[in-house]
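Residue numbers (my numbering), protein chains in the order written: chain A, 1 to 84; chain B, 101 to 184.
Think of the CB as a built atom: it goes at the ideal place given N, C-alpha and C, for glycine as much as any other residue.
One structure is given below, encoded as structure tokens.
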DNA sequence: TAGTTATTTAGATAAATATCTAAATATTAT
DNA sequence: ATAATATTTAGATATTTATCTAAATAACTA
């Protein structure tokens with residue numbers, strides 16, 4: 001839960017997640033959507049990956065990232081317990 | 101959305117929210133549940149309040165805090181759009 | 001093989017944040 | 001009015017984090 005909230009506590013990372021909702025993208029494509037250096041984006045991707053919100057797959061020289069929506073169940077359940 | 105994620109991105113604050121799910125509590129009662137100074141708890145309460153996750157009401161010399169679950173709708177909706 | 005492209009790792013830095021103690025404020029009780 | 005209790009504000013500090021540039025790694029291409 002900690003890693004999940006930490007991962008989502010950043011506007012850039014939330015936007016990345018929203019981008020990946022539409023389609024899988026490689027690291028460069030993602031970076032092109034922001035005015036932030038590629039290393040910084042790489043760092044954000046790593047945090048999202050650690051939270052299991054995204055997965056990555058090497059495809060030749062590219063690394064393709066996909067959204068993992070299943071982890072969001074945990075988040076929704078946590079919130080729902082609060083609403084009783 | 102930013103304030104909301106920021107507020108929930110802390111174990112202590114999430115526990116406060118869980119405590120307030122059970123019943124309204126004043127600042128001192130909340131502080132007693134943690135090994136953290138009262139000023140620090142007060143600071144956490146302020147962050148939760150800024151995110152509209154809790155409300156406060158002065159009752160004599162006490163300040164009673166309550167959970168506001170309605171704001172959680174926004175959070176759930178954000179998550180649900182990701183799951184399409 | 002040498003050069004080019006894609007991505008990550010390393011190391012540095014500035015800003016944000018969680019925490020503390022001490023002091024201020026507000027309310028109740030004697 | 002004074003003392004006691006509840007809470008917040010102020011100011012300081014150590015840790016975390018978002019960002020950068022430079023360098024390293026990996027995989028295509030000519």
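- Listed along the chain, the chain A residues whose CB falls inside 8 Å of the CB of residue 155 of chain B amount to none; the nearest CB is some 15 Å away.
- Residue ranges of uninterrupted alpha helix (DSSP H) with 4 or more members, entirely inside the segment 102-139 of chain B and ordered along the chain, are 102-108, 111-122, 127-132.
- Distances from the alpha-carbon of residue 126 of chain B to those of B:165, B:116, B:179 put B:165 closest.
- For residue 72 of chain A, the enclosing alpha helix (DSSP H) starts and ends at 72-83.
- Annotation for residue 151 of chain B: 103, 104, 107 place their beta carbon closer than 6 Å to its own, counting only its chain and skipping 5 residues before and after.
- Pairing residue 168 of chain B with residue 155 of chain B gives a Cβ-Cβ distance under 8 Å.
- Residue 136 of chain B sits exposed, since fewer than 16 C-beta atoms from the chains shown fall within 10 Å of its C-beta.
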